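In the numbering used here, the protein residues as written are 3 to 420. Glycine included, C-beta positions come from ideal geometry on N, C-alpha and C. Note that the coordinates shown come from a computational prediction; the quantities given were computed from them, not determined experimentally.
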């Protein structure tokens with residue numbers, strides 16, 4: 003394959019990607035994809051509410067929602083769990099991770115979170131070693147909130163700091179004191195929650211390399227269990243997406259900043275898990291690791307994608323994009339009628355499922371049996387992008403650096419093989 007520092011694709015964290023989804027509305031057929039699932043499973047809860055829309059964000063979020071809408075949504079979320087119940091072999095499933103994502107799920111109060119957790123624990127067998135994770139912006143947390151989260155059983159908290167710099171914070175569309183990020187990170191770690199993750203973005207408009215070094219320095223002095231460093235991805239339907247190309251760093255420069263960051267973190271004791279994630283001790287993200295290993299994910303809430311072995315599906319229509327608030331209303335209206343809203347789906351043949359294991363495996367802990375795709379892996383090995391180890395075929399340091407390009411290449415090549 004042709005590797006170039008002039009090309010940096012978006013970080014791939016799932017397969018199939020959204021562009022493989024097709025219009026599909028048969029919710030009963032979609033949910034039946036979980037009917038034969040036994041063994042390990044992940045749970046994902048999507049809370050789409052945010053206080054603000056960040057300039058870089060294209061995730062499924064809605065802002066300026068009154069408490070009445072949030073309460074209605076939470077009732078629908080709990081009802082969605084009940085609607086799914088007949089399609090699950092609950093006594094044969096064991097939950098490995100529970101992830102509250104968004105949006106800003108940390109905006110929910112303790113009673114809101116407790117009601118969801120109670121319902122999950124009532125219905126599902128949840129491993130004693132399960133990771134319970136929740137994410138949110140620094141201004142959605144308090145010292146008391148961290149204490150409450152720990153008491154509720156959360157053992158991983160992800161703070162979407164993005165930047166500690168006051169100028170850059172304003173550039174992202176956030177309007178709270180820049181010191182809050184560092185303060186809340188300290189309080190999260192001091193609370194005793196064993197795995198605290200800090201999200202940071204590099205390559206923000208107007209950001210200098212020296213400013214990025216300062217960001218890294220602040221984060222590393224806190225020494226969180228996990229650091230997630232994203233190169234800025236400029237996406238459509240975002241405020242940044244409306245800016246001129248020259249306002250952003252070119253891929254070659256982003257790779258240089260990546261090299262500086264990964265080398266620095268390696269020197270101070272962090273291990274690299276994926277292109278964006280670094281951890282020490284009990285760090286990392288078990289939820290993502292399980293997904294990369296092909297463990298099915300049962301998701302609840304508007305904007306969430308459900309990953310069964312033979313079908314992935316969502317309430318969003320990826321081919322006729324609607325405003326998130328419109329989809330959210332359709333979700334609640336449909337749930338209140340006793341049905342699920344399904345608008346898009348991707349069907350996976352046995353070959354697709356093998357392809358999924360290879361692509362996601364090579365992006366994380368490695369792949370032991372590439373099957374019919376062995377020649378593609380050997381081609382990567384010949385170029386020193388992949389090595390054969392006890393864990394199977396894993397990315398080399400150079401391979402990790404270009405893992406997004408490798409994933410994109412594998413997707414293109416495997417489709418050509420059909």
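{"Query": "Would you tell me roughly how many angstroms separate the C-alpha atoms of residue 114 and residue 227, rounded to the nearest one?", "Result": "27 Å"}
{"Query": "Please state whether DSSP places residue 238 in a helix, a strand or coil.", "Result": "coil"}
{"Query": "Assuming residue 181 is part of the alpha helix (DSSP H), what are its boundary residues?", "Result": "181-192"}
{"Query": "Determine the burial state of residue 408: buried for a count of at least 16 other Cβ atoms within 10 Å of its Cβ, exposed for fewer.", "Result": "buried"}
{"Query": "Check the C-beta distance from residue 453 over to residue 335 and give it rounded, since I have them as a contact under 8 Å.", "Result": "Lying before the first or after the last residue shown, residue 453 is absent from the chain, which here runs from 3 to 420."}
{"Query": "In the DSSP assignment, the alpha helix (DSSP H) including residue 63 goes from what residue to what residue?", "Result": "Element bounds for residue 63: n/a, residue is neither H nor E."}
{"Query": "Can you name the start and end residues of the alpha helix (DSSP H) that residue 377 belongs to?", "Result": "376-384"}
{"Query": "Using a Cβ distance threshold of 8 Å, determine whether the region 313-329 contacts the region 341-348, with at least three qualifying pairs required.", "Result": "yes"}
{"Query": "With a Cβ-Cβ cutoff of 8 Å, do residue 96 and residue 129 count as a contact?", "Result": "yes"}
{"Query": "What are the boundary residues of the beta strand (DSSP E) that includes residue 397?", "Result": "394-397"}
{"Query": "Our contact map puts residue 234 next to residue 217 with C-beta atoms below 8 Å; I'd like the distance itself, whole angstroms only.", "Result": "That pair is no contact at about 13 Å."}
{"Query": "Where residue 326 and residue 85 are concerned, what is the direct C-alpha to C-alpha distance, given to the nearest angstrom?", "Result": "23 Å"}
{"Query": "What's the gap between the Cα of residue 361 and the Cα of residue 412?", "Result": "7 Å"}
{"Query": "Does the distance from the CB of residue 110 to the CB of residue 14 come in under 8 Å?", "Result": "no"}
{"Query": "Compute the Euclidean distance between the alpha carbons of residue 64 and residue 390, then round it to the nearest angstrom.", "Result": "45 Å"}
{"Query": "Quick one: what's got a C-beta closer than 7 Å to residue 338's C-beta in the same chain, skipping five residues either side?", "Result": "78"}
{"Query": "Check whether the region 132-147 touches the region 99-109, counting contact only when three or more Cβ pairs, one atom from each stretch, lie closer than 8 Å.", "Result": "yes"}
{"Query": "Would you mind reading off the limits of the beta strand (DSSP E) that contains residue 133?", "Result": "128-138"}
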